[in-house]
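Student: Residue numbers (UniProt numbering): 1 to 205. Glycine included, every Cβ here is placed at the ideal spot set by N, Cα and C. Sharing a structure with you now.
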């Protein structure tokens, strides 16, 4: 995960504080190193190939006995299970849809765990990034979604995603917070002083 210095973490907190001066929205930012360790993916691929390979050998050779097939199957599974654990190979084995699904699930869990669904007037906003998956999502509670269409966040998310792909995580956060703040100040302006949730960037391993 991109390591942010204390100074950079303060920049994020200060950017959130600045935004919340002009809106009733409660912003929380989360940076996850990855959404999942995907340990099961190498095992699934190794199991699938180990199941199919003996059948293919039997079909083409026809002379392998039951014990020989079993040994081939186990040897194939063990070798591939170890080989597929190499990071360079593991990353190629994980479908993009699985990466997005896991990151999406983690974002929603964080929304609940950080109590963004329990803010006054339902104005919680989560800016979530999972760096390994290069996944960015903005989740908002009912008080925000009733005033701002989801399509309005798409360009902000797209810009942030590009920054993450370039390794510019801090710049992405600051730009996203600023753009989100402008949108929120317009549609959910400040009506009273409050700060229900912490402004610091939440870091997940």
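(1) Suppose the cutoff is 6 Å on Cβ atoms and the five residues either side in sequence are ignored; what does the same chain contact list for residue 179 look like?
(2) On the premise that residue 22 lies in contact with residue 189, defined as a C-beta separation below 8 Å, what is that separation, rounded to the nearest angstrom?
(3) Are the beta-carbon atoms of residue 131 and residue 34 separated by less than 8 Å?
(4) Count the other CB atoms within 10 Å of the CB of residue 124; is the residue buried (16 or more) or exposed (fewer)?
(5) Which stretch, first to last residue, makes up the alpha helix (DSSP H) that contains residue 160?
(6) Which ranges would you report for the alpha helix (DSSP H) in the stretch 80-131 if only whole runs of at least 4 residues count?
(7) Between residue 94 and the rest of its own chain, which residues show a CB-CB distance below 8 Å, the 5 nearest in sequence each way excluded?
(8) How is residue 76 classed by DSSP in three states: helix, strand or coil?
(9) Helix, strand or coil for residue 26 per DSSP?
(10) Helix or strand or just coil, what does DSSP make of residue 148?
Tutor: To lay it out plainly:
(1) 156
(2) 7 Å
(3) yes
(4) buried
(5) 154-165
(6) 87-93 and 96-113
(7) 38 and 41
(8) helix
(9) strand
(10) coil
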